[in-house]
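Peer 1: Quick one: the structure is below, questions incoming.
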Amino acid sequence: MITEIRLVSNDGASTARFWSAIFNVPAEDLGDGRWRVTPVAGPTVTVNTASVVEVISRYSDMTVSVDSGALDRLRALGFDVSAPGEPMQAVDVNGCDNTVHMVVRSWDGVTDVDWEEPSDAEKERIRALPTTATTGEVRLIETAAVDDVAAFLGVWFDVTPELALPSGVVRIIVGDTLFRVEPAEAADRQWIPLGARDYAAVVERCEEAGFTAIPSPTHPQTAGHIDIDNVTFLLAATGRGPEPAMRDDAYYQQFSAAVEAGDYTVAGPLELGPAARQSDLEWLDPDDPDNIVERP
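The numbers in this note's numbering rise by one with no breaks, and the one at position 192 of the sequence shown is 1039.
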C-alpha cells in the first residue's frame, strides 16, 4: 500500500495549491519550501521545492480519484485543465509540469465506475449491507479530547496513530478497522466496546501510559471501562480482536498424554501410517497390531 508520494517542484507553493485543489483539502506549510497535502483517503503528497532544475519530478504522471468539483477548483486557480466532454486531466503548470488524469468517484463516494445512480431505496439497501474484510469498517468517534482518545486507542491496540490531518482528525488503523477520531465540541456520549484476549496485560499497559481502567464490580478480572471526555470505552476479555489466536498448550499436553497412554477408543477403521512400519523387513499385522511379522 502506497502511503506517501514525494514530488520535487519548481514552485513548491504552486504544486501544493494544485494538489490541494485536487483533493479539496488545505495544504500544510512545513517550512523551507516544503508542503504536505493529506487527503481523506489515499497517500499523502509531500512537495519539496527544487534547488536545481534537474531534480524536478517532470515524469510523475498519475491517475487519481476525485470528486466532481476538482476540475472547477483547478480552473479557478489558473491551472491547465481539459475541456468539458474530454477525459479529465490537469497539468501542474510551473510546478512539476506533470499531467494528472482524474476519475470521478460515483454516488457512493468510493467507486470509480461511473454507473447509473440507483434509487434512494437501493442506496439505503447497499449502505445497510454488512461490512466485509475487503471493504473494512470505519468507526467514527467525535470528541473534544481527540489527542487523549487517539493516544488511548494507540496504547490499547499497541499501534501508532497516524499523523493528524489538517482538519484535526486522527486515524488509527487496526487490521481492517479504521478508528476515525474527529474534533467536536459538546459531542454526544459514545460507548465504544473494545476487546482483548490478553486482557490483564493490555490493561496493565494502559495503566502504565496513564489510562486507568475502572474494573467491573461483578467481573473485575475480565471487564471494566475507561472514560475520556464524552467517550466511554467498554473493556472486556474476549476471543475477538486484532491479536493472534493463543495456543492452549495445557490442552494439547493433556491430549498427547491421553493418546500416549492409550486412553481413547478408535471410532472407525484403523489405517496404519508410516509410523507403524518398524523397518524394511518388519511390519504390523493389521488384524493383530501387537504382532510384528516379517514383511512379505
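In this text, a Cβ means the ideal position worked out from N, Cα and C, and glycines have one as well. Since the structure is predicted, the reported quantities are computational estimates derived from the model, not experimental observations.
What distance in whole Å lies between the Cβ atoms of V855 and V902, which are believed to be in contact at a cut-off of 8 Å?
Peer 2: Position 55 of the sequence shown, counted from the start, is the residue given in the question as residue 902. Position 8 of the sequence shown, counted from the start, is the residue given in the question as residue 855. Contact holds; Cβ gap of about 5 Å.
Peer 1: Rank T1079, R905 and D944 by C-alpha distance to the C-alpha of W1038 and give the top, closest one.
Peer 2: Within the sequence shown, residue 1038 is the residue found at index 191, counting from 1. Among T1079, R905 and D944, the Cα nearest to that of W1038 belongs to T1079.
Peer 1: Which residue's Cα is closest to the Cα of V911: A897, N941, P886 and R922?
Peer 2: For the purposes of this step, residue 911 is taken as residue 64 along the sequence shown, with counting starting at 1. When each option's Cα is compared against that of V911, the closest is P886.
Peer 1: Does the beta-carbon distance from R881 to G859 come in below 8 Å?
Peer 2: Reading the sequence shown from its first residue, position 34 is the one you call residue 881. Reading the sequence shown from its first residue, position 12 is the one you call residue 859. Going by C-beta atoms, R881 is nearer than 8 Å to G859.
Peer 1: Could you pull out every unbroken alpha helix (DSSP H) segment of at least 4 residues lying fully inside the stretch 911–938, listed in chain order?
Peer 2: Here the runs fully enclosed are 917–923.
Peer 1: Since A937 contacts D927 with CB under 8 Å, what's their CB separation in whole angstroms?
Peer 2: Your numbering for residue 937 matches position 90 in the sequence shown. Your numbering for residue 927 matches position 80 in the sequence shown. Right, the Cβ-Cβ distance comes to about 6 Å (below 8 Å), so this counts as a contact.
Peer 1: If you draw a straight line from the C-alpha of G1042 to the C-alpha of R920, how long is it?
Peer 2: Locating residue 1042 in the sequence shown gives position 195, counting from the first residue. Locating residue 920 in the sequence shown gives position 73, counting from the first residue. Computed Cα separation, rounded: 44 Å.
Peer 1: Does the stretch 1023–1034 come within contact of the stretch 1062–1075, defined as at least 3 CB pairs closer than 8 Å?
Peer 2: Result no; under three Cβ-Cβ pairs closer than 8 Å.
Peer 1: On a Cα-Cα basis, can you pick out the residue from A1083, A868 and R905 that is closest to L918?
Peer 2: Looking up residue 918 in the sequence shown gives position 71. Nearest of A1083, A868 and R905 to L918, Cα basis: A868.
Peer 1: Return yes when the C-beta of N1077 is under 7 Å from any heavy atom of the ligand NAD, and no when it is not.
Peer 2: Annotation note on the ligand NAD: not contained in the displayed structure, which lists no ligands.
Peer 1: Under 8 Å between the Cβ atoms of I1073 and V996?
Peer 2: Along the sequence shown, one-based indexing puts residue 1073 at 226. Along the sequence shown, one-based indexing puts residue 996 at 149. In this structure, V996 does not lie closer than 8 Å to I1073 by Cβ.
Peer 1: Could you tell me which of G1071, M935 and P1067 sits nearest to F1058, measuring between CA atoms?
Peer 2: Here residue 1058 refers to the residue found at position 211 when the sequence shown is read from its first residue. Cα-wise, what sits closest to F1058 is G1071.
Peer 1: Where does F1004 fall in DSSP's three states?
Peer 2: Sequence index remark: in the sequence shown, residue 1004 carries index 157 (1-based). In this structure, F1004 counts as helix in the three-state DSSP scheme.
Peer 1: Give me, in chain order, the residues of the same chain whose beta-carbon lies closer than 6 Å to that of T990; leave out the 5 immediate sequence neighbours on both sides.
Peer 2: Mapped onto the sequence shown, residue 990 falls at position 143. V996, A1034, D1076, N1077 and V1078, listed in sequence order.
Peer 1: Shortest alpha-carbon distance to S861 belongs to which of I852, T850, A874 and F870?
Peer 2: Locating residue 861 in the sequence shown gives position 14, counting from the first residue. When only C-alpha atoms are compared, the closest one is A874.
Peer 1: Out of L1081, N941 and N857, point me to the one whose CA is closest to P1040's CA.
Peer 2: On the sequence shown, residue 1040 is found 193 positions in, with the first residue counted as 1. Checking every option, the nearest Cα to that of P1040 belongs to L1081.
Peer 1: Give me the residue from G942, P931 and G889 with the minimum Cα distance to V899.
Peer 2: In the sequence shown, the residue the question calls residue 899 occupies position 52. V899 has its Cα closest to that of G942, out of G942, P931 and G889.
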